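Data block below; observations after.
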Amino acid sequence: MTRTVSTEIAARFRDLADMLTRNAAVLTSAGLPEVVTAVRATVYGDVATQLRTLAEDEAELATGNPLVVAAAEDEITAGVARRFEQLAGLLAANARLLVCRTNEAGVLARAVVYRDVSSQVRILADEQRQRAEDARQSRMSRPPVSNVAPLSSVVVRAATRAPGVRPAFLESLVDAIGKRRGQGWSVARLTLWLRTSLRDPQTEHVHPCAQRSFVAHVAALLPAPAGPVCAA
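Written out as C-alpha cells, the structure is:
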C-alpha cells in the first residue's frame, strides 16, 4: 500500500489503541484495589475503541483511490501531528463535558484520566511536529536530483490550472485520465469518476482536479480518442 498521511495516521492510531489496551490489562491484573484501577482501565478501553474506529475511517480515505501517491516524510509527520493534536483536543473536551454539571466522584475520576491521556497525546503531537521539521530541513538541504525524468508537456500545462497540486500527483492523474479518454470516456463521465474516487483528506471541498473545467482542460490537451466518445 502506498504510504500516505492517512495510512500513517491509521497505523499510529492502531498502535496507540494497542498500547492503551495493554495498559488496561496490566492495571486490571496488577492486584491493586479496584477503586484504584477500574476507572482508568475503563477509560483506556473506551479511548482504544474510539481510536480503532478513527483508524478505520483514515484507512478508507486511500482505499480504492487509484490516484493516491506517496507523500514526503515531512508531509506525513506533519499530518500525523495535526491529527494527534485534534485527538488531544477531543479528549480534553470529553473531560470538560464530564465535569461541567456534576460533582460525582466517579465521573470526576474519569475526567482526570481523559485529561491524562490528552496530555500524553499532545506530547506525541509535539514529537511528530519536531520530526516533520527535521524531515523538511533534511529534504531542503539535499542537492537537487539531476536524473529525474522531466514532466510531460501535458502535465506542465495542466499544472497551470492546479498550481497547488504536486507534479507527481498530476502525472498519475493525467495518465489515468488519458487511459480512460482513450477508452471513449466523456468529460462528464471523467468528472463524475473523479468526484467519487478522488478525495482530498485536508478539506471537505471538491478537489481542484475534480472540477469539470480542469478535466475539460486536460482532455483538450490529450490526443483525441480513437473511438466514439461516450455521452455518459
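For what it's worth, my numbering labels the leading residue of the sequence shown as 1, then goes sequentially. Using N, Cα and C, we set each Cβ at its ideal position, and we do this for glycine too. These figures come from a predicted structure and were not determined experimentally.
Quick one: residues in its chain with C-beta nearer than 8 Å to the C-beta of A246, no 5 flanking neighbours on either side, listed in chain order? Here the chain comprises residues numbered 1 to 232, so residue 246 is not present and cannot be evaluated.
Report yes or no: do three or more beta-carbon pairs, one from the stretch 71–80 and one from the stretch 47–59, lie closer than 8 Å? Verdict: no, contact absent.
For C100 and V43, what's the separation of their Cα atoms in angstroms? If you take the alpha carbons of C100 and V43, they lie about 18 Å apart.
When the distance is taken between beta carbons, is R161 closer than 9 Å to S213? The beta carbons of S213 and R161 sit closer together than 9 Å.
Under 9 Å between C-beta atoms, does L32 make it to chain B? Absent from the structure: chain B. Only one protein chain is present.
Are L20 and L51 close, meaning C-beta to C-beta below 9 Å? The answer is yes: Cβ separation under 9 Å.
Near R110, which residues of its chain fall below 7 Å by C-beta distance, leaving aside the five closest residues on each side in sequence? V39, V43 and L98, listed in sequence order.
C-beta atoms of D18 and A48 nearer than 9 Å: Remark: C-beta atoms of D18 and A48 approach each other more closely than 9 Å.
Complete alpha helix (DSSP H) runs within the stretch 19–84 (minimum length 4 residues, chain order): With a minimum length of 4 residues, the continuous alpha helix (DSSP H) runs that stay inside the stretch 19–84 are 34–62.
For a test of the three-state rule: what should DSSP assign to A216, helix, strand or coil? DSSP, read as helix, strand or coil, puts A216 in helix.
Using only the alpha-carbon positions, how far apart do A159 and V174 sit? Approximately 10 Å, taken between the alpha carbons.
DSSP state of N94 mapped onto helix, strand, coil: Of the three classes helix, strand and coil, the one that applies to N94 here is helix, per DSSP.
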